[in-house]
Amino acid sequence: MSLKRVVVKPYDRYKFEVYEDFSYQIELKENEFISGVVPKGYTTDGASIPRIFWCFYPPYKSEYFSACVLHDYLCSRAMHETSIKEAYKRADLVFYKHLRLLNVNFVTCFIFYHWVDKFHKLKCYFKGWK
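Residue numbers (full-length UniProt numbering): 1 to 130.
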């Protein structure tokens, strides 16, 4: 499987716009894939990391930026799914798998995955989404 990186251009102070369609295919489990396209024109803020942690994990670091763009896209589409909670869970798993495909170190993958997973569980709990 070939892995390409997302191509973006500056959009606003802390936002980027996808410059060309970004297609992806990620294996979730053995012989179970998720694939699609992040369309040209989609805007993202990269990794939504609190500013206090930017010295450790810059939000625009090329090492994991493609995974962050894909995760943002899947999360934005979660609101249109039958089960928002399941859509977030799938987006978080895709995020983790994509980070691993990009050879991001295990500690960073672990921290990022568990942070977004806990955030989405709390968000679903407080909003009453199933």
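Even glycine gets a Cβ: it sits at the ideal position worked out from N, Cα and C.
All of these numbers come straight from a predicted model, not from anything done at the bench.
For residue i, the nearest candidate out of the options (CA to CA)
{"i": "LYS15", "options": "GLU30, ASP72, SER35", "result": "ASP72"}
{"i": "HIS98", "options": "ARG13, LEU28, TYR19, GLU32", "result": "LEU28"}
{"i": "TYR125", "options": "LEU93, TYR96, LYS85", "result": "LYS85"}
{"i": "LEU74", "options": "PRO39, ASN105, VAL107", "result": "PRO39"}
{"i": "GLU17", "options": "ASN31, LEU70, ILE49, GLU63", "result": "LEU70"}
{"i": "LEU93", "options": "ARG5, ARG13, CYS68", "result": "CYS68"}
{"i": "LYS89", "options": "LYS61, PHE33, VAL116", "result": "VAL116"}
{"i": "GLY41", "options": "ASN105, PHE110, TYR11, PHE65", "result": "TYR11"}
{"i": "ALA91", "options": "VAL104, HIS120, GLU20", "result": "HIS120"}
{"i": "residue 137", "options": "GLU63, HIS114, GLU32, ARG77", "result": "No answer is possible for residue 137: it lies beyond the span of the chain, which begins at 1 and ends at 130."}
Which residues DSSP lists as bridging residue i, in chain order
{"i": "VAL18", "result": "VAL8"}
{"i": "GLY36", "result": "TYR24"}
{"i": "THR44", "result": "PHE16"}
{"i": "LYS29", "result": "GLU32"}
DSSP state of residue i mapped onto helix, strand, coil
{"i": "LEU102", "result": "coil"}
{"i": "ILE108", "result": "As written in the sequence, residue 108 is Thr, which differs from the Ile given in the question. In this structure, THR108 counts as helix in the three-state DSSP scheme."}
{"i": "LYS127", "result": "helix"}
{"i": "LYS61", "result": "coil"}
{"i": "CYS75", "result": "helix"}
{"i": "TRP54", "result": "coil"}
The stretch 23-37 / the stretch 46-61 touching (three or more Cβ pairs under 8 Å): The answer is no - the stretch 46-61 does not touch the stretch 23-37, with fewer than three Cβ pairs under 8 Å.
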